[in-house]
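Quick note: the sequence shown uses this note's numbering, first residue 11, plus one each step.
Built from N, CA and C at the ideal position, the CB exists for glycine as well.
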Amino acid sequence: MKFLPPEGPPEIAFAGRSNVGKSSLINALVGQKGLARTSNTPGRTQELNYFVPDGFSGEGADLPPMALVDMPGYGYATAPKDKVDAWTKLIYEYLQGRVTLKRVYVLIDARHGIKAKDEEVLSLLDKAAVSYQIVLTKTDKIKAAGVPRLIEETLAKIKKRPAAFPAVLATSSEKAAGLDELRAAIARVANGG
Numbered sequence: 011m012k013f014l015p016p017e018g019p020p021e022i023a024f025a026g027r028s029n030v031g032k033s034s035l036i037n038a039l040v041g042q043k044g045l046a047r048t049s050n051t052p053g054r055t056q057e058l059n060y061f062v063p064d065g066f067s068g069e070g071a072d073l074p075p076m077a078l079v080d081m082p083g084y085g086y087a088t089a090p091k092d093k094v095d096a097w098t099k100l101i102y103e104y105l106q107g108r109v110t111l112k113r114v115y116v117l118i119d120a121r122h123g124i125k126a127k128d129e130e131v132l133s134l135l136d137k138a139a140v141s142y143q144i145v146l147t148k149t150d151k152i153k154a155a156g157v158p159r160l161i162e163e164t165l166a167k168i169k170k171r172p173a174a175f176p177a178v179l180a181t182s183s184e185k186a187a188g189l190d191e192l193r194a195a196i197a198r199v200a201n202g203g
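1) Select from 174, 183 and 26 the residue whose C-alpha is nearest the C-alpha of residue 112.
2) Mapping the DSSP letters down to three states, classify residue 110 as helix, strand or coil.
3) Whose C-beta lies closer than 7 Å to the C-beta of residue 178 among residues of the same chain, with five residues either side of it excluded?
4) Out of 114, 35, 94 and 43, state which residue places its alpha-carbon closest to the alpha-carbon of residue 199.
5) Beta-carbon separation of residue 33 and residue 80 under 8 Å?
6) Which term fits residue 21, buried or exposed, when burial requires 16 or more other beta carbons within 10 angstroms of its beta carbon?
7) According to the neighbour-count rule (16 or more other Cβ atoms, all chains shown, within 10 Å of its Cβ), is residue 116 buried or exposed?
8) If I measure Cβ to Cβ from residue 97 and keep anything under 6 Å in the same chain, skipping five residues before and after, which residues do I get?
9) Return the CA-CA distance between residue 189 and residue 30, expressed in angstroms with no decimal places.
10) Whole angstroms are fine: how far does the CA of residue 133 sit from the CA of residue 8?
11) Taking the CB atoms as reference points, tell me whether residue 105 and residue 62 lie closer together than 8 Å.
12) Have a look at 201, 25 and 196 and flag the residue whose alpha-carbon is nearest the alpha-carbon of residue 135.
13) Do residue 157 and residue 84 count as a contact pair if the criterion is CB distance below 8 Å?
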C-alpha cells in the first residue's frame, strides 16, 4: 500500500470487468472528456487512478471533498500473469485496508448482466466488508423496456449479499442517462449518508 496516496478525503471507487465503461462513466460524471483514459483494448487501465477536483493542494485542511478511483478492469487483461497477480494483490490490500474508501460502485454491462467473474468480485467485497453498489452501464444498448426487468433480476442476485447496497442504478454514459442519480448517490456516500 506504500504506492497509494496518503489517506485523506472520502474515496469512491469504480470496479468492473474490462471494457464495462468505467473510464467513460467517470468522464461523463465529471463532464470532462478524456480525464480518465478510455480504450477499446480490454485491460488498458492497469493501476488505481485517482481523480480529484482542481483547486485543492491536498495538504492540511485543503483536501478535496472526495476522490474518484478508477480501478483496473477484471476478467481480461493483456498483461503477463505475474503483473495481473500483482494488481490483484494491490486491489485486495486497497479494499481491505483503506479507511477512507466509502463505497465501490461495481459496474455491470447491461447487455450481459452479472457474470461469474462479477460474482467473484462481489464475494471478495463481501469478505472484505466493503460497501458496494451495482451500476448498470450501457443501458442504451438494450431495449428500454428491458431495463426495469434487469434491475429486478440484479436486485434478486444481490439480495443476500451482506455488503451490497440494496439499490441498482441504471446508466448510459453515451446518452447521459442516470448520471444525476449516480452523482446524488455518490454525494450522499461522500458526505457520510
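Quick look at the numbers:
1) The shortest C-alpha separation from residue 112 is found at 174.
2) Residue 110 falls in the coil class under three-state DSSP.
3) 144, 146, 161, 164 and 165.
4) Minimum Cα distance to residue 199 is reached at 114.
5) Yes, the Cβ-Cβ distance between residue 33 and residue 80 is below 8 Å.
6) By the 10 Å Cβ count, residue 21 comes out buried.
7) By the neighbour-count rule (16 or more Cβ atoms within 10 Å), residue 116 is buried.
8) Sequence-distant partners of residue 97 (beyond 5 residues in either direction) whose C-beta falls short of 6 Å from its own C-beta, in its chain, are 82.
9) The alpha-carbon atoms of residue 189 and residue 30 are separated by roughly 16 Å.
10) In the structure as shown, the chain begins at 11 and stops at 203. Residue 8 is therefore absent and cannot be evaluated.
11) Not a contact, by the Cβ cut-off of 8 Å.
12) When only C-alpha atoms are compared, the closest one is 25.
13) Taking the C-beta atoms as reference points, residue 157 is found no nearer than 8 Å to residue 84.
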